[in-house]
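Have a look at the structure below before the remarks.
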Amino acid sequence: MKSWYLLFCKPREELRAKQNLALQGVESYLPMIPQQKKSKSSPNGKLVESPLFPNYLFINFDPTEFSVSRIHSTRGASRIVGCREAMTPISDDLLASIKQRVEWHTPEETGAISKGDKVTFIEGPFSELDAIFEQSDSQQRCFVLFNIMGQQKRINVDISSIKAL
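Structure follows, in structure tokens:
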């Protein structure tokens with residue numbers, strides 16, 4: 463029976479494994495999210511797509527019809543997680559939840575607020591107070607600079623709890 467499984471890939475080889483599995487007819491899913499990357503040429507950083515789970519790829523296949531050893535020998539792939547004696551399939555509900563969260567986390571939403579922008583809290587203990595957006599991380603949270611008692615403090619908050627002014 464066809465099910466979803468978790469494939470551990472070689473470092474930074476998720477896309478190669480995905481492409482090579484597609485050539486073999488194996489369906490796969492690699493959740494990608496936008497992430498701010500800094501470099502010498504771009505000190506402010508640029509928005510790039512990065513895997514939500516580095517080194518991991520979700521694959522959908524039937525182990526009775528497609529050889530597990532073919533997947534393990536695919537370029538970029540390392541091994542199926544939990545594949546010792548009995549393979550452990552991943553719940554369809556869990557995968558649907560991941561897909562929904564990744565779709566919510568679009569570049570337009572994170573790109574709407576950039577470093578140095580003034581933001582206000584729309585919920586939580588700091589509701590209706592202002593801060594300065596510093597950066598977002600890859601897990602739907604962000605860092606803001608907040609003035610507390612005359613000092614500027616860096617705090618980590620849920621990105622859904624702020625909006626741009």
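Residues in the sequence shown are numbered consecutively from 463, following the working numbering.
Just so you know, even glycine gets a beta-carbon here, dropped at the ideal spot from N, CA and C.
Since we're looking at a predicted model, the values are computed, not measured.
- Item | E475, DSSP secondary structure in three states | In the structure shown, E475 adopts coil according to DSSP, grouped into three states.
- Query: Would the beta-carbon of P551 fall within 9 angstroms of that of Y467?
  - Reply: Yes, the Cβ-Cβ distance between P551 and Y467 is below 9 angstroms.
- Item | Short CB-CB distance (under 9 angstroms) between S501 and chain C | Here chain C cannot be found, since the structure has a single protein chain.
- Task: Using the Cα positions of S535 and P496, report the straight-line distance between them to the nearest angstrom.
- Result: 30 angstroms
- Item | Same chain only: Cβ atoms within 6 angstroms of N618, ignoring 5 sequence neighbours per side | R603 and F605
- Message: Quick check on G487: buried or exposed, where buried means 16 or more other Cβ atoms within 10 Å of its Cβ?
- Response: exposed
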